[in-house]
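Chemist: Here you go, one structure.
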Amino acid sequence: MVRSVVVTCCLLTTACGGAAPLMHPAHVLSPGKVSIGAGAAGQLAALSRAEPVRDDKSAPVLEEYAVSPGISPWASGRVGIDGDNEAGLTYAGRAFRVDFRHAFDLDPIYLSLGAGGSAVVPRPKGGGDDLGSAYGGGADVPILIGWRSDAELYSLWAGPRAGFEILTGSALESEVLQGGRTDLFLPFEGKHFFVGGLVGAKIGFRNIHVALEVDVMYHLGNGSFGENGEREASLSQLTVAPGSALILTF
């Protein structure tokens, strides 16, 4: 089972979908405890995808840079910290995320308040052909309410999550404008906001668990292309992002 997860993640390393599930319950790890996990997630557009307007293709490019529908690998490591705290580092295809959270034991449920910072890494648009890329940074705030069974055979969690990204980069003029030049890159600047909720479960025994999570997010974005930002675009999109991973705790 472990081998199949690793192989799957290796096959997905070239993917850069925008899904970034948490895959952790509301309660935190005990101080000094460590968990590592690997899996995959998908960013599925629930609304109609952005379409070119006449010769202007900037909206689809903005959607690809900001929302990034597609499949991506997921890998994470987390550590428990004294005082009912936890920190983690996650890689999810297009971005790295560092987060810190605190959990409140409200027996029989747990409340988790967290904050994360993300670094969006540049990935060439078009795969092997360099048609442009975007990078940047952002932050998000997840709030979770959850419950776990005795001996932690299974855990359930749900809650809201919201965040933003500030992006920069470039795109080949022919990708933004029908009939545009194929040797000229246009500067890109954009902002991406998202808000929604998630529900997840973790099932297993002792040190091995399988995590499942579904995130539903509403996205708003705007951006401009060109030295003077002469080509502007905006987007609104709803995404459903299912994910699964194998989690080891020691």
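For the sequence shown, counting from 1, position 123 maps to 123 in our numbering; every step adds exactly one. Positions of the beta carbon are idealized from the N, C-alpha and C atoms, including for glycine.
1) Going by other Cβ atoms of all chains shown within 10 Å of its Cβ, with 16 needed for buried, is serine 30 buried or exposed?
2) Check this for me: beta carbons of valine 240 and alanine 46, under 8 Å apart or not?
3) Are histidine 219 and phenylalanine 188 touching if we call contact CB-CB under 8 Å?
4) Mark glutamate 173 as exposed unless 16 or more other C-beta atoms lie within 10 angstroms of its C-beta, in which case mark it buried.
5) Near proline 142, which residues of its chain fall below 7 Å by C-beta distance, leaving aside the five closest residues on each side in sequence?
6) Note the first and the last residue of the continuous alpha helix (DSSP H) segment covering leucine 177.
7) Between the Cα of leucine 167 and those of Val176, Leu144, Ala134, spot the shortest distance and give me the residue it belongs to.
8) Taking tryptophan 147 as the reference, which of Ile71, Val210, Tyr110, Arg94 has the closest Cα?
9) Measuring from the CB of glutamine 43, is there a heavy atom of the ligand ATP at a distance below 7 Å?
10) Is isoleucine 247 buried or exposed, if buried means 16 or more other CB atoms sit within 10 Å of its CB?
11) Using three-state DSSP, classify arginine 94 as helix, strand or coil.
12) Measure the alpha-carbon distance for serine 4 versus alanine 245 and round it to whole angstroms.
13) Based on DSSP bridge pairs, tell me the residues matched to asparagine 85.
14) Just the Cα atoms here: how many angstroms apart are leucine 12 and alanine 38?
15) Helix, strand or coil for proline 124, going by three-state DSSP, please let me know.
16) On the DSSP letters alone, give me the boundaries of the alpha helix (DSSP H) that alanine 26 sits inside.
17) Which of the three DSSP states is assigned to valine 6 in this structure?
18) Here's the rule I'm using: 16 or more other beta-carbon atoms within 10 Å means buried, otherwise exposed. How should leucine 235 be labelled?
19) Which residue comes first and which comes last in the alpha helix (DSSP H) that contains glutamate 64?
20) Following the continuous beta strand (DSSP E) through glutamate 165, name the residue where it begins and the one where it ends.
21) Could you give the uninterrupted runs of the beta strand (DSSP E) lying entirely in the stretch 179 to 228, keeping only those of 3 residues or more?
22) Do you know offhand how far alanine 103's Cα is from glycine 32's?
Modeler: From the atom records:
1) Translated into positions along the sequence shown, residue 30 becomes position 30. Under the 10 Å beta carbon count, serine 30 is surrounded by fewer than 16 other beta carbons and is classified as exposed.
2) Looking up residue 240 in the sequence shown gives position 240. Looking up residue 46 in the sequence shown gives position 46. It is a contact, given that the beta carbons lie within the stated cut-off.
3) Mapped onto the sequence shown, residue 219 falls at position 219. Mapped onto the sequence shown, residue 188 falls at position 188. Contact flag unset, no.
4) Position 173 of the sequence shown, counting from 1, holds the residue named residue 173. If you draw a 10 Å sphere on the C-beta of glutamate 173, you find 16 or more other C-beta atoms in it, and that means buried.
5) Taking the first residue of the sequence shown as position 1, residue 142 is located at position 142. Leu22, Gly114, Gly159, Arg161, listed in sequence order.
6) Residue numbering aside, residue 177 sits at position 177 when the sequence shown is read from its first letter. Counting along the chain, leucine 177 falls outside any alpha helix (DSSP H), and DSSP gives it neither H nor E.
7) Here residue 167 is taken as the residue at index 167 of the sequence shown, counted from 1. That would be Ala134, whose Cα lies nearest to the Cα of leucine 167.
8) Counting from 1 along the sequence shown, the entry for residue 147 is found at position 147. Looking at the Cα atoms, Tyr110 is the closest of the given residues.
9) Absent from the structure shown: the ligand ATP. Ligands present: none.
10) By one-based count along the sequence shown, residue 247 stands at place 247. Isoleucine 247 should be labelled buried.
11) One-based indexing of the sequence shown puts residue 94 at position 94. If DSSP states are grouped into helix, strand and coil, arginine 94 belongs with coil.
12) Indexing the sequence shown from 1 puts residue 4 at position 4. Indexing the sequence shown from 1 puts residue 245 at position 245. Note on serine 4: pLDDT 41, under 50, position unreliable in the model; no value is reported.
13) As a working mapping, residue 85 is identified with position 85 in the sequence shown. For asparagine 85, which the question treats as bridged, DSSP gives the partners Ile81, His102.
14) Mapped onto the sequence shown, residue 12 falls at position 12. Mapped onto the sequence shown, residue 38 falls at position 38. Residue placement at leucine 12 is flagged as unreliable, the pLDDT there being 43, under the threshold of 50; a coordinate-derived value is accordingly withheld.
15) Translated into the one-based positions of the sequence shown, residue 124 becomes position 124. Coil at proline 124, not helix or strand.
16) By 1-based counting over the sequence shown, the position of residue 26 is 26. First-last for alanine 26: undefined, no H or E at that position.
17) Reading the sequence shown from its first residue, position 6 is the one you call residue 6. The predicted model places valine 6 with a pLDDT of 40, which falls under 50 and marks its position as unreliable, so this point remains unresolved.
18) To locate residue 235, count along the sequence shown from 1; it is residue 235. So leucine 235 counts as buried.
19) Here residue 64 is taken as the residue at index 64 of the sequence shown, counted from 1. Its alpha helix (DSSP H) spans residues 58 to 66.
20) Locating residue 165 in the sequence shown gives position 165, counting from the first residue. Per DSSP, glutamate 165 belongs to the beta strand (DSSP E) from 154 to 172.
21) 185 to 205, 208 to 225
22) Counted from its first residue, the sequence shown places residue 103 at position 103. Counted from its first residue, the sequence shown places residue 32 at position 32. Near 16 Å, if we compare the C-alpha coordinates of glycine 32 and alanine 103.
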